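Protein chains: 6
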Amino acid sequence: MIIQVINPNTSQGMTETIASAARAVAANSTEIVAVCPSQGVPSIEGHFDEAIAAVGVLEQIKLGREQGVSGHVIACFGDPGLLAARELAQGPVVGIAEAAMHMASLVATRFSIVTTLPRTLIIARHLLQQYGFEHHCAALHAIDLPVLALEDGSGVAQEKVRARCIQAKREDGSGAIVLGCGGMAALARELTAELGLPVIDGVGAAVKMVESLVALGLSTSKHGDLDYPIRKNMTGAFQHLN
Amino acid sequence: MIIQVINPNTSQGMTETIASAARAVAANSTEIVAVCPSQGVPSIEGHFDEAIAAVGVLEQIKLGREQGVSGHVIACFGDPGLLAARELAQGPVVGIAEAAMHMASLVATRFSIVTTLPRTLIIARHLLQQYGFEHHCAALHAIDLPVLALEDGSGVAQEKVRARCIQAKREDGSGAIVLGCGGMAALARELTAELGLPVIDGVGAAVKMVESLVALGLSTSKHGDLDYPIRKNMTGAFQHLN
Amino acid sequence: MIIQVINPNTSQGMTETIASAARAVAANSTEIVAVCPSQGVPSIEGHFDEAIAAVGVLEQIKLGREQGVSGHVIACFGDPGLLAARELAQGPVVGIAEAAMHMASLVATRFSIVTTLPRTLIIARHLLQQYGFEHHCAALHAIDLPVLALEDGSGVAQEKVRARCIQAKREDGSGAIVLGCGGMAALARELTAELGLPVIDGVGAAVKMVESLVALGLSTSKHGDLDYPIRKNMTGAFQHLN
Amino acid sequence: MIIQVINPNTSQGMTETIASAARAVAANSTEIVAVCPSQGVPSIEGHFDEAIAAVGVLEQIKLGREQGVSGHVIACFGDPGLLAARELAQGPVVGIAEAAMHMASLVATRFSIVTTLPRTLIIARHLLQQYGFEHHCAALHAIDLPVLALEDGSGVAQEKVRARCIQAKREDGSGAIVLGCGGMAALARELTAELGLPVIDGVGAAVKMVESLVALGLSTSKHGDLDYPIRKNMTGAFQHLN
Amino acid sequence: MIIQVINPNTSQGMTETIASAARAVAANSTEIVAVCPSQGVPSIEGHFDEAIAAVGVLEQIKLGREQGVSGHVIACFGDPGLLAARELAQGPVVGIAEAAMHMASLVATRFSIVTTLPRTLIIARHLLQQYGFEHHCAALHAIDLPVLALEDGSGVAQEKVRARCIQAKREDGSGAIVLGCGGMAALARELTAELGLPVIDGVGAAVKMVESLVALGLSTSKHGDLDYPIRKNMTGAFQHLN
Amino acid sequence: MIIQVINPNTSQGMTETIASAARAVAANSTEIVAVCPSQGVPSIEGHFDEAIAAVGVLEQIKLGREQGVSGHVIACFGDPGLLAARELAQGPVVGIAEAAMHMASLVATRFSIVTTLPRTLIIARHLLQQYGFEHHCAALHAIDLPVLALEDGSGVAQEKVRARCIQAKREDGSGAIVLGCGGMAALARELTAELGLPVIDGVGAAVKMVESLVALGLSTSKHGDLDYPIRKNMTGAFQHLN
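Chains as they are written, first to last, in our numbering: chain D, 4 to 245; chain P, 4 to 245; chain R, 4 to 245; chain U, 4 to 245; chain L, 4 to 245; chain G, 4 to 245.
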């Protein structure tokens with residue numbers, strides 16, 4: 004089984020962080036192919052960035068499908084381009100935000116989310132509403148540092164994530180914490196151990212979700228509104244998506 | 004006042020239909036500049052098409068802002084790229100789906116929606132949920148013809164829209180009908196007269212919404228999550244969006 | 004175009020404040036006729052006051068309709084008598100609470116409300132639920148002064164409104180503020196400038212909404228539950244509403 | 004214990020129907036005082052009628068309070084003026100719509116509603132939303148006859164109610180039926196027996212609710228937003244409400 | 004009329020507290036039979052305890068039905084086994100959580116809940132959602148003492164309940180308080196008097212609800228999903244439930 | 004990894020059906036231990052049956068925990084005793100209803116449910132609400148045959164399931180179908196192939212969910228409301244649960 008893990012931004016460092024997190028939990032028989040778009044935005048911190056990144060996600064979905072991968076992970080907490088990707092893909096496509104939220108709802112009655120910049124909170128709020136997890140989320144927190152601070156090697160952002168998780172455990176009355184950025188993937192296991200409650204990384208969660216769907220013989224439904232895009236004459240920079 | 008009306012698909016015919024509908028209701032002092040992306044998809048009939056179109060919308064928002072337009076309309080019923088466009092724009096941005104739904108909720112307790120292909124119904128459902136109008140929508144209908152059938156000159160699609168509106172009036176228990184495609188804009192006024200209930204076109208509604216916001220001195224909030232995108236080094240086909 | 008702006012309370016001072024706010028944003032071709040009931044309550048600060056005021060609103064709607072006005076605004080933040088007024092009216096009827104909430108949802112992902120007495124908060128909560136904007140409202144605030152304090156000339160209430168808006172901007176994580184009383188209409192523009200985010204007055208918003216509906220050829224649906232009231236033999240003090 | 008049962012319309016016949024239904028279930032120690040407004044509308048079939056009737060309800064609440072009644076019932080299925088009445092009253096106030104819905108939710112997982120004119124369905128819908136019973140209502144039906152048809156002595160309306168209840172039992176998958184008009188009160192017991200499922204009249208339900216609240220020593224909270232109306236100088240036809 | 008009041012835990016002390024609260028409000032013609040399971044858990048403080056207690060509730064429902072009681076009260080704030088009990092019972096069954104919430108919604112626009120251990124808050128949250136009262140609950144509080152602390156004679160728990168109620172009144176903006184444990188039943192009347200707002204005990208509320216349903220000739224619907232359990236060969240410790 | 008798959012009813016045939024479905028999808032390294040309670044109900048078709056079965060589930064959870072299993076599946080579509088089981092368990096616990104719904108929401112925008120008796124539909128409705136999937140479920144269907152008809156060897160029930168799935172595909176506008184009974188587990192794969200859309204069995208889905216959680220190092224949170232039950236002196240038939 005080959006799972007394509009798509010980092011929707013163009014940061015090589017984050018692609019590697021995500022690849023490691025994916026490989027750490029994948030089954031022995033699963034090969035992780037971690038990619039990022041050849042062009043796009045270096046980090047995703049708002050709806051504009053997401054709109055750009057979604058096209059890169061679609062490019063990679065198309066490539067992955069041509070390469071015969073079994074399924075796809077969209078490894079950015081806003082799940083950019085998720086439904087579009089499902090239309091384009093033959094196999095299952097799982098976003099890391101939905102994967103983390105689903106998993107959290109299985110191990111706790113309510114969870115907290117810790118993410119990067121405050122301006123991305125609205126994206127998480129909209130996803131909670133769309134996925135149906137509004138009542139399962141006790142609180143949302145932002146560490147107020149940009150996404151790439153997680154890649155600067157200083158550890159400052161990681162420490163802020165840790166501090167916020169501790170605060171969330173103490174104050175929110177929730178039983179689990181969802182890490183709200185693909186760049187935080189490496190932190191989940193040690194924070195779970197330190198805090199004594201499930202701290203959930205969506206990258207690993209999504210990889211296991213795709214593995215599960217493939218094992219169950221389930222793939223994106225091609226009956227109805229997730230059917231393949233109707234063929235059209237796409238022009239300009241989008242021709243390669245034809 | 005200059006209002007930029009963006010047809011998110013690349014169909015010239017539909018851009019003209021939309022431009023006419025916009026001009027028909029604009030104030031004398033309002034200039035309508037109708038545009039469509041230079042590259043993208045010829046029609047929008049699913050999430051994939053929307054993801055492509057969103058980039059074209061952003062390109063036009065950027066151009067419009069550089070030209071000093073007062074506000075922007077996104078003239079596709081899925082409101083593709085709406086929140087991203089609000090981040091990028093200085094002036095107000097209004098989508099035709101939200102505009103039509105807002106207007107409908109002011110003249111009826113519940114409304115019906117008539118759109119094109121069944122696969123686009125899910126987009127309307129998600130917008131109803133996101134905008135808060137779930138309880139105001141009594142039913143959704145699809146004529147089961149592609150968007151561009153509205154531009155083929157045969158009148159078949161228009162007649163199907165009319166038939167569905169009549170059926171909706173008879174069966175849904177709703178007081179107004181929202182036309183769920185920019186290409187239906189020309190039909191609203193005559194169907195309103197024929198059916199004896201408000202049949203609402205979002206293009207006109209959105210133009211009046213933008214005029215209203217500008218007259219009120221209101222524009223997209225730059226405090227918080229709709230602030231301008233954080234400057235990044237966008238690469239490849241997206242460089243022109245820097 | 005003549006728009007009848009109805010102040011549902013009997014305060015002349017507030018009627019003038021509202022009239023000014025309406026005229027400040029109306030199109031050149033729009034005539035504002037500001038009225039208040041000949042009998043009723045001097046201010047509206049609860050459900051009881053609203054029930055009394057609703058009858059005054061209906062009296063004025065009837066008069067306005069007989070005078071051939073194009074549309075009506077109900078200029079009290081509880082939108083008293085709104086659906087009853089829509090039944091009685093031929094033209095569109097827009098309440099200032101709904102108008103402000105609609106506009107706020109177009110320029111921000113979430114908004115705050117600042118109103119007068121704490122006991123009126125429940126009215127705003129119920130409207131948010133009925134109109135579908137619950138998820139768009141981040142917080143509600145009351146300055147804890149009665150409505151007519153806004154008309155006492157001291158400026159104390161106005162300063163309290165300003166202070167609460169500043170606090171809301173700092174604490175609520177919302178992108179816009181809705182002023183929750185017709186008597187605050189004069190403050191919107193300067194607070195918008197001072198605070199650097201949209202501060203929205205419903206009076207102006209409702210005037211533009213009515214202008215928009217008229218320009219679009221849309222009026223209250225007379226198909227279904229907003230049809231004219233069934234003629235009945237009303238007795239006593241209500242005979243004039245026959 | 005004296006319970007004031009207020010028929011919000013001015014129909015003597017319906018007041019007597021309601022009084023009988025109230026007396027049929029009241030405890031021996033409870034005296035039912037059935038009243039209707041001295042002026043108002045002869046039947047209530049829309050928001051306009053409700054707005055007029057609400058003032059009549061308030062007049063009667065004031066009289067009842069002066070007479071020292073223990074509690075009040077608002078005996079029209081739209082619960083007109085309910086929250087205003089709670090502000091004005093010292094004792095508990097219960098509407099027949101809420102009472103019937105509460106009772107129905109105790110004996111069935113989901114219920115159906117059978118009411119008079121289709122245009123009143125929206126009132127029931129809004130109450131379901133406001134009271135929190137949306138998920139407990141499986142379907143709403145209208146017999147498409149005016150309220151006073153229940154008082155014309157022909158039995159036609161009663162037969163239509165019966166037929167709709169039978170249809171609702173067969174088709175809705177609900178376990179109970181709520182009668183959506185005070186004028187249907189006399190039918191509940193025999194339909195319950197004939198259909199073999201609970202058919203609920205709100206008049207009786209509300210009387211028992213008021214009796215219960217009084218026995219529990221509970222009355223309308225005067226802490227917060229249901230406190231007595233702030234004293235104001237009401238003018239004209241409303242002076243008697245001062 | 005005989006009402007069986009079932010304390011779902013095996014604590015004799017609490018059964019007596021509950022019996023007293025029930026008798027204090029029951030009509031003269033109502034006989035209260037207070038029981039508790041012969042086997043089970045001494046207090047209920049989580050889902051596990053509830054699952055055990057539910058079987059005890061069913062045993063008692065079966066016994067009560069065989070004894071010909073008119074109706075049943077489940078006197079634990081989680082309403083354990085409520086729908087199962089409704090299937091098994093012939094008469095009406097009312098839980099004290101639902102009863103208290105229903106009553107609270109009749110005397111206040113929003114209420115607060117004060118319960119025992121924080122881990123039981125999730126049970127109250129789920130009930131609010133299931134019963135439809137989410138929007139009517141302003142806040143939930145836990146005194147952080149186990150249920151049986153209410154029976155230790157020291158009065159410490161009672162004083163903590165009182166302190167939390169005072170705090171809730173001051174901070175929550177709600178008009179009534181619901182006591183979230185059968186063991187708090189004795190406190191309602193005095194706290195109502197001391198705090199000057201309705202403090203509601205579910206035991207008394209449920210007794211009045213059952214009396215009301217019986218007086219109205221209403222019982223658990225046997226049409227549909229609350230019909231008697233399908234007869235099966237139950238084995239082992241459950242044979243006596245056959 | 005050992006996963007304990009608990010059939011909550013006492014039917015050996017169904018336990019074997021469920022065991023086969025679990026083994027068919029489990030990883031090579033996963034051992035499936037399929038069990039059912041030693042005492043309880045032979046099938047689960049309502050809330051009463053569920054309450055009995057929940058105790059059997061808890062007995063098995065306790066045994067499984069003592070045997071050191073890695074996680075647990077509750078293999079009845081009502082997920083009986085789920086939260087109680089999570090309190091008692093050390094490892095993760097997943098119900099087949101939630102597992103199927105989660106999986107369905109990953110491969111389709113909306114799904115249909117096909118279950119056995121109409122009286123169990125309310126259980127599915129409540130779970131949809133509790134889990135947050137109300138908006139993701141397009142329709143619910145019952146074949147109107149008891150659970151054990153799936154075990155009678157005639158194939159009649161299986162054919163009815165198939166017919167309903169075909170009807171659901173044609174009429175519901177949903178992209179996937181959830182099989183609403185553990186006894187239908189064997190049908191999923193062939194119906195998926197025949198119908199050309201995902202037909203989802205919860206047993207397999209839950210097994211993969213548990214495998215995923217274990218692989219991710221995630222288990223039921225013991226911080227907060229899913230912590231182990233507070234130790235109590237359980238009496239009678241429940242002593243073995245101490």
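Glycine is no exception: its CB is placed at the ideal position from the N, C-alpha and C atoms.
Owing to the predicted nature of the structure, the values given are computational and were not obtained by experimental measurement.
- Boundaries of the alpha helix (DSSP H) harbouring Leu109 of chain D: Ile99 to Val110, taken from the DSSP string.
- Interface annotation for the segment 106-120 of chain R against chain L: empty, criterion Cβ-Cβ distance under 7 Å.
- Cα atoms of Ala54 of chain U and Met187 of chain R: separation of roughly 26 Å, rounded to the nearest angstrom.
- Residue contact check for His138 of chain R against chain D: a CB pair falls below 8 Å.
- In the DSSP assignment, the residues bridged to Gly74 of chain U are U:Ile6.
- Residue contact check for Gln132 of chain L against chain D: a CB pair falls below 8 Å.
- Assignment of beta-bridge partners to Leu182 of chain P by DSSP yields P:Val117 and P:Asp204.
- For Tyr231 of chain P, there are no CB contacts under 6 Å within the same chain when 5 residues up- and downstream are skipped.
- CA-CA distance, Met237 of chain D to Glu48 of chain P, rounds to 13 Å.
- Of the residues assessed, Ser115 of chain U falls on the buried side of the cut-off, its CB having 16 or more other CB atoms within 10 angstroms.
- In this structure, the alpha-carbon of Ser177 of chain P lies about 13 Å from that of Glu137 of chain P.
- When rounded, the separation of the alpha-carbon atoms in Leu86 of chain D and Leu66 of chain L is 55 Å.
- Put simply, the backbone Cα of Val150 of chain L is about 12 Å away from that of Val164 of chain L.
- Under the DSSP assignment, Val38 of chain U falls outside any alpha helix (DSSP H), being part of the beta strand (DSSP E) whose first and last residues are Glu34 to Val38.
- With distances taken between CA atoms, Val210 of chain U lies nearest to U:His75 out of U:Gln63, U:Glu62 and U:His75.
- Residues of chain L with a Cβ closer than 8 Å to the Cβ of Gly176 of chain D are, in chain order, Pro121 and Leu124.
- Between Val213 of chain D and Val28 of chain D, the gap from beta carbon to beta carbon reaches 8 Å or more.
- Straight-line measurement puts the Cα of Ile125 of chain U at about 26 Å from the Cα of Gly158 of chain U.
- For His50 of chain U, the enclosing alpha helix (DSSP H) has its first and last residue at His50 to Glu69.
- In this structure, Thr223 of chain D lies away from Pro121 of chain D, with their beta-carbon atoms at least 8 Å apart.
- Going by beta carbons, Ser73 of chain R and Val181 of chain R fall outside the 8 Å limit.
- Looking only at P:Ala102, P:Val206, P:Ala111 and P:Glu197, the smallest Cα-Cα distance to Ile9 of chain P is reached by P:Val206.
- DSSP lists no bridge partner for Ala171 of chain P.
- At least one CB of chain L lies nearer than 8 Å to the CB of Gly135 of chain U.
- Rounded to the nearest whole angstrom, the C-alpha separation of Gln161 of chain P and Ala191 of chain P is 11 Å.
- Residues of chain U whose Cβ lies closer than 9 Å to the Cβ of Gly227 of chain R are, in chain order, Pro121, Arg122 and Ile125.
- Contact annotation, His144 of chain L with Ala103 of chain L: C-beta distance approximately 15 Å; criterion of less than 8 Å not satisfied.
- With 16 or more other Cβ atoms from the protein chains shown falling within 10 Å of its own Cβ, Ser108 of chain D counts as buried.
- In this structure, the straight-line span from the alpha carbon of Ala57 of chain D to that of Ala57 of chain P is close to 9 Å.
- Taking C-beta atoms as the reference points, Leu229 of chain G and Ala111 of chain D count as a pair closer than 8 Å.
- When the Cα atoms are used, Cys79 of chain G and Glu101 of chain G turn out to be separated by approximately 10 Å.
- Using a Cβ-Cβ cut-off of 8 Å, Leu221 of chain D counts as an interface residue toward chain G, since at least one Cβ of chain G sits closer than that to its own.
- The secondary-structure analysis by DSSP pairs Leu143 of chain R across a beta bridge with R:Ile116.
- Sequence-distant Cβ neighbours of Cys184 of chain L in its own chain, meaning closer than 7 Å and more than five residues away, are Phe80, Thr118, Thr119, Val150 and Leu153.
- In this structure, DSSP gives Val96 of chain U an extended state, which the three-state scheme calls strand.
- In the DSSP annotation of this structure, the continuous segment of the alpha helix (DSSP H) that includes Tyr134 of chain L starts and ends at Leu124 to Tyr134.
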